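Oh and the sequence shown: position 541 is 587 in this note's numbering, straight run, nothing missing.
Ideal Cβ positions, reconstructed from N, Cα and C, are used throughout, including at glycine.
In this text, all values refer to a predicted model and were calculated from it rather than measured experimentally.
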Amino acid sequence: MNALSQTLRATDKASDPDWWRGAVIYQIYPRSYQDSTGSGTGDLAGITRRLDHVASLGVDGIWISPFFTSPMKDFGYDVSDYCDVDPMFGTLADFDALVLRAHELGLKVMIDLVLSHSSDQHPWFVESRVSKDNPKSDWYVWSDPKPDGTAPNNWLSIFGGPAWHWDGRREQYYLHNFLASQPDLNFHNSDVQDALLDATRFWLQRGVDGFRLDTINFYFADKELRDNPALPVEERNSTIAPSVNPYNHQRHVHSKNQPENLDFLARFRSVLDEYPGAAAVGEVGDAQFGLELLGKYTKGTTGAHMCYAFEFLEKNPLTAKRVAEVFERFDRVASDGWACWALSNHDVIRHTTRWDLSADAQKAYLMLLLLLRGSVCLYQGEELALPEADVAFEDLQDPYGIEFWPEFKGRDGCRTPMVWEPSNAAGGFSEAKPWLPVASEHLTQSVAAQEDDPSAMLHFYRTALAFRAENSVLNKGDQSTVSAEGDIVMFDRFQGITRLTCCINLSDSAQEIALSGQFEDIGGAVSDAARNDGILKLNPWGVAILRHAT
């Protein structure tokens, strides 16, 4: 991308308050993107150094996983200061420089806000646990034990075991939906909400363009702390937690997903509205009611702008039938909402490995993502077709994986460092030993290696993203019913007089489908099909995009 196009793009994005609608957002896991200090851990200055690569992809913005002050028990998702940068990642000045450079390149900056819980080392919790009557005693979810001394109810932690931890100082239990070192904040207390909204303003005033809201549906717990009912075996799935985790044995109707959430989101949205163009994408962590919550949380103008959907992060390969099922349900329960779709992220096995995909299959799935209605999140390294890294037990860092090894190996395999060049064992990520080992098989797929190969996945990503950017109907246009015609996903996108028919073959065999009407072929490098006498033939993993003649 040349300097002029970057300038024009920056101007266009800055003037569009709805930039988020249909945006493609590139997720950066800061520990693993680029080390600028020789510490072996990525940092903010390292991200800034590599922003030109991000801009060259043609994405609209970045989402940076947490970099706040933290004891790093859950790698930054345990915050001990919401308004500062952990020294591991640099300084506030480094963050300001990152925002400035991103905006020069036309990239929006979204950061991860972890509001549902803090670290147990946060000053708020340190004070809260001292007594039952201090000024912050009610800032976290505390409860007396049952008469027999056991936990207040049967709620479970996502990371394994009960969701309650005994504290001898107060002789009470506190709630933690994640690690015991991540106590849940009490959103029923308006002072807690005010403090979190003040932290939100702090980052907006520093120039961020929005937020990814971690575990958006966990903010409130049932005031009466009622037991969760059991979940029937036939309804369990491993989308949110691995099957070895008993968390999958409950229907979590009281520990999360509370109606009061909507009132807080309205308050949060009003803060964003003070800063034109600021947007939020909420992570809905729920395998049972995810799309329903997406519909509630993004409906109208009083919630999040969009929600991060988990349906395409599933373990089983994404079939045409499954895509159609997801959108049938989406149209039924969230038709007024807005989704942000993803195939990979920092919490799941990379989809290249998860679904055992060939290069052609990866291209087909990318095109599916870019053609469907909604916004898109791409995860760092996805543009290089990186497979999941195999991290040995002795190298594991993730407490989740350590707890459930070997049936569940945790999240380290998708968090290994980005590979920039094949010149050393660290792949250009660091001059020191990286915090997680770089997979040797990743080195041949580095950015430098792919830049010199016109057939590499990196160049396909750029081509595909440019195609989406050049066709506004794919960003903000409407969408017809999504259908499965055998292994072909088929739907129309339309806006004004423009109408596109999109067909994606999600199989390794050629497929045919009958089409009526007059079409003009478009797509070039992203099309892999032939039409003859009203029959469209799609090659294995082929994609056809046809413009209706006007």
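Query                                                                                                                                                         : Result
Around the C-beta of Gln251, are 16 or more other C-beta atoms found within 10 angstroms, so that it is buried, or is it exposed?                             : exposed
Let me know if Thr527 comes out buried or exposed under the rule of 16 or more other beta-carbons within 10 Å of its beta-carbon.                             : exposed
Taking 6 Å as the limit between beta carbons, can you name the residues of its chain near Val254, skipping five residues before and five after?               : Val155, Ile157
May I ask which residues mark the beginning and end of the beta strand (DSSP E) holding Asp213?                                                               : 210-213
CA-CA distance, Phe597 and Pro112?                                                                                                                            : One cannot answer for residue 597 here, as it falls past the ends of the chain, which runs 47 to 596.
Quick one: is Gly570 buried, meaning 16 or more other Cβ sit within 10 Å of its Cβ, or exposed?                                                               : The predicted model places Gly570 with a pLDDT of 41, which falls under 50 and marks its position as unreliable; any figure quoted below should be read in that light. Exposed, by the Cβ-count rule.
When you compare only the Cα positions, how much space is there between Leu418 and Leu520?                                                                    : 7 Å
Are the CB atoms of Glu497 and Leu489 within a distance shorter than 9 Å?                                                                                     : no
Where do the N-terminal and C-terminal ends of the alpha helix (DSSP H) with Asp124 fall, by residue?                                                         : Counting along the chain, Asp124 falls outside any alpha helix (DSSP H), and DSSP gives it neither H nor E.
Which same chain residues, not among the five before or five after Pro452, have their C-beta less than 7 Å away from its C-beta?                              : none
Tell me which same chain residues have a C-beta within less than 7 Å of the C-beta of Ala431, skipping the five on either side of it?                         : Thr398, Ala405, Gln408, Gln491, Met503
Is the separation between the beta-carbon of His163 and that of His222 shorter than 9 Å?                                                                      : yes
So, is Val572 buried or exposed, given that buried needs 16 or more other C-beta atoms within 10 angstroms?                                                   : Reliability of the predicted coordinates at Val572 is poor, the pLDDT of 43 falling under 50, and no value is obtained from them.
What residue range does the beta strand (DSSP E) around Leu546 cover?                                                                                         : 544-551
If Ile262 sits next to Val330, beta carbons under 8 Å apart, how far is it from one beta carbon to the other, in whole angstroms?                             : 6 Å
How would you call Lys269, buried or exposed, if buried means at least 16 neighbouring beta carbons within 10 angstroms?                                      : exposed
Take Ala512 and list the residues in its own chain whose beta-carbon comes closer than 6 Å to its own, dropping the five residues that flank it on each side. : Gly104
Please classify Val105: does DSSP put it in a helix, a strand, or coil?                                                                                       : coil
Sorted by chain position, which residues of the same chain lie with C-beta nearer than 7 Å to Ser183's C-beta, five sequence neighbours on each side aside?   : Ser174, Ser177
Using three-state DSSP, classify Arg315 as helix, strand or coil.                                                                                             : helix
Name the DSSP bridge partner or partners of Met352?                                                                                                           : Val327
What residue from Gly474, Leu584, Cys548, Gln564 has the CA that sits closest to Ser555's CA?                                                                 : Leu584
Just how far apart, CA to CA, sit Asp260 and Ser476?                                                                                                          : 28 Å
Can you check the stretch 175-254 for any beta strand (DSSP E) of at least 3 residues that lies completely inside it and give the ranges in chain order?      : 210-213, 218-221
Are Ala101 and Ala366 touching if we call contact CB-CB under 9 Å?                                                                                            : no
Note the first and the last residue of the continuous alpha helix (DSSP H) segment covering Leu339.                                                           : 336-344
Could you have a look at Arg96 and say whether DSSP puts it in helix, strand or coil?                                                                         : coil
Just to check my reading of the structure: Ala385 and Cys353 have Cβ atoms closer than 8 Å, yes? What is that Cβ distance to the nearest angstrom?            : 6 Å
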